[in-house]
Amino acid sequence: MRTSPELRRKLISVAAVSAALLTAAPASVAVAQESAPRPAAVPAAQTEAAPGIQAERLIVGYKSGATEAKSNKAAAADAASKAEKTGEDIDFQRRLGTGAALVELGTNPTRASVADVVAQYKADPQVAYVVPDRLNKPTAVTPNDTEYGKQWDLFESTAGMNVPGAWDTTTGSGVTVAVIDTGYVAHSDLAANIVGGYDFISDTAVSVDGNGRDSNPADPGDWYNDNECGQGIPASTSSWHGTHVAGTIAAATNNGKGVAGIAYGAKISPVRVLGKCGGYDSDIIDAITWASGGTVSGVPANTNVAKVINMSLGGGGACSTATQSAINGAVNRGTSVVVAAGNENQNVSNASPANCNNVIAVAATNRAGSRASYSNYGSLVDIAAPGGETRTSTANGILSTLNSGTKTPSSENYAYYQGTSMATPHVAGLAALMKSANSALTPAQIESAIKANARALPGTCSGGCGAGLADAAKTVQAVKGGTSTGTTFSSTTAVAIPDNGAAIESPISVTGRSGNAPSALQVGVDITHTYRGDLVIDLVAPDGSTYRLKSAASDSADNVNTTYTVNASAEAANGTWKLRVQDTAAQDTGTLNGWKLTF
């Protein structure tokens, strides 16, 4: 076994093995808690339509002796009569099983107009009641997992990620998340959601499992002695890092034990790349390729292709061309790549692969919603998520699945960790929820929607924490059930983009729509350019409001041919929309070939 300091220096220093990366503390055993009882449903007939209520349809109950109680023609005539009196649109729709009449109001009725209609019906002596036809939603159920109450990162209003609200829509079913990490140590609170993975560690000095690559991603432990991973590096016990990350994403939920996973309907494919002292770029590159459905020589085809990759790992320096190529390949195959920003309290531009293009780089926040003291920051951070900070209290960390073994596997347990390694699976879990809710979403659309629906950090972030704190419920709501109704407005007029010059604009006139634009407006962009990193792209709404689609960055690739997702729900749909493009640096030019808006 090669264990020289020279070899160790060649190994990537990763979050999984560095004390600077995470802090572990054993979780205390919680007393089993029953979920809170659901409140009894309020019968609709007892919920009277009060003045000022917002509704698009009303349920009208007529007294038993009234002609309108039995005749649809009479109920329709009554609706027409009241429409004439109020000046509002009122149409009889159908008879309910109870005998009540369902009437529909005009498009986007105001509270005042609804109140006028309600008043007319209530003044009619033949009407027994009038109530709104309310839109009901599934009731969010508090998981019965015994440790769920300690998972502040999921539900606390201050700095939690608002995950329970997303569970009304999806739990991540049908999506596989590849956790490219230390592998997986058996845990009963996770086992039901584990599918086949792979061990990509080729060097036995790193793998410590006695062999090279194979189909068994089991984590044998990544402990090491003093100076074994470099001069001056102190000894460390095994981290079981990949299992902690996997539990945050998809621990079994509502099983009466342990913790709840963010996307607990999803599956985890453990892909082992990190062993003693870290892991090589070459192994990580092959793991990215294989996990996303690409071909790796000598490795069987992946039967559990992941649509989301979680990489809670990193090292110093620039993103290498080799790593960028693997990431681009994964994204082109439709897989989102979510990466930890790193824990050195420095600009993320110095941390790879978080500084690569086409990744979702995640910074960590503490329980107060401020940037965690260890978290990297900067303009390349895309989003922030709970990563915990245990300086004042262990319970302020992120609780997840683990193992009690200090070297080799022992009994399963749970522990609090802190780190951007813990923040990253929160966003990977959210990406899985989104992909489950809307399978047509591309990686670019997933990243755009996560950013567009983030909320402002409740605390502070010096240096930059991306779009804000990820909000699971809001983001899933924005993308659920399809990103559009299929109505597309486009411009195919080519416009030259001058080199390092003034911004150009291309207009699209939108007509025939009602109300506001959707919360997941699709903006398709087709630009030919020799250095797309120079480009700044904005969507300009009819009232002049701007939505940043792309900022200038160190991106040497050419062309922009992608679709962005914009939360434009505050904007009127009809009007002239514009795409604004500016080249902000010298030596490269391009052309806006066309663009489109899909509602």
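Converting from the sequence shown to the numbering used here requires adding 450 to each position, the first position being numbered 1.
Glycine is no exception: its CB is placed at the ideal position from the N, C-alpha and C atoms.
query	result
Enclosing beta strand (DSSP E) for Tyr-867 [first to last residue]	862-867
Residue burial classification, Pro-750 (beta-carbon count within 10 angstroms, cutoff 16)	exposed
Test item: CB-CB of Gln-868 and Asn-826 under 8 Å	no
DSSP beta-bridge partners of Leu-989	Tyr-997, Leu-1029
Cβ pair Val-645, Asn-760 closer than 8 Å	no
Rounded C-alpha distance that separates Gly-962 from Pro-968	14 Å
Close Cβ partners of Val-945 (< 6 Å) along its chain, the five nearest in sequence each way excluded	Ile-954, Ser-956, Leu-1042
Beta-carbon separation (whole angstroms), Leu-508 vs Val-577, contact threshold 8 Å	Not quite, the Cβ-Cβ distance comes to about 11 Å (not below 8 Å), so this is no contact.
Through-space distance from Lys-924 to Tyr-997, alpha-carbon basis	18 Å
Given Ala-550 as reference, the closest of Gly-537, Thr-557, Thr-536, Ala-524 once Cα atoms are compared	Ala-524
Cα-Cα separation, Arg-722 to Val-798	24 Å
According to DSSP, residues forming a beta bridge with Glu-554	Arg-507, Asp-541
Separation of Ala-890 from Thr-840, as counted between CA atoms	39 Å
Start-end ranges of the alpha helix (DSSP H) lying completely within the segment 961-986, minimum 4 residues	none
Distance, Ile-900 Cα to His-691 Cα	25 Å
Ala-716 to Gly-879 span [Cα, whole Å]	8 Å
Proximity winner among Asn-950, Ala-710, Val-613, Ala-696, relative to Ala-1035 (alpha-carbon distances)	Asn-950
Whether Thr-620 touches Ala-928 by CB criterion (8 Å)	no
Inter-residue spacing [alpha-carbon to alpha-carbon] between Ala-776 and Val-1010	19 Å
Paired residues, beta bridge with Ser-686 - DSSP	Tyr-674
Endpoints, the alpha helix (DSSP H) within which Phe-605 is located	602-605
Glu-518 burial status per 10 Å Cβ neighbour count (16 or more: buried)	buried
Check whether Gly-693 and Val-635 have beta carbons under 8 Å apart	It is worth fixing the name first, because residue 693 is Thr in this sequence and not Gly. Yes, these two residues count as a Cβ contact at 8 Å.
Delimiting residues of the beta strand (DSSP E) encompassing Gly-879	Unbroken run through Gly-879 is the alpha helix (DSSP H), 870-887; no beta strand (DSSP E).
Rounded C-alpha distance that separates Pro-614 from Val-625	18 Å
Buried/exposed call for Asp-639, threshold 16 Cβ in 10 Å	buried
Burial state of Glu-897, where buried means 16 or more other Cβ atoms lie within 10 Å	buried
First and last residue of the uninterrupted beta strand (DSSP E) at Ser-775	Careful: Ser-775 lies outside any beta strand (DSSP E), inside the alpha helix (DSSP H) at 771-782.
Three-way DSSP call (helix, strand, coil) for Gly-697 in this model	helix
C-alpha gap between Ser-762 and Gly-662, whole angstroms	22 Å
Pair within 8 Å by beta-carbon distance, Pro-836 and Ala-696	no
One or two residues paired with Ser-959 in a DSSP bridge	Thr-1026
Span of the alpha helix (DSSP H), counted from its first residue to its last, around Ile-896	893-902
Pro-750 - partner residues in DSSP beta bridges	Pro-750 pairs with nothing; no bridge assigned.
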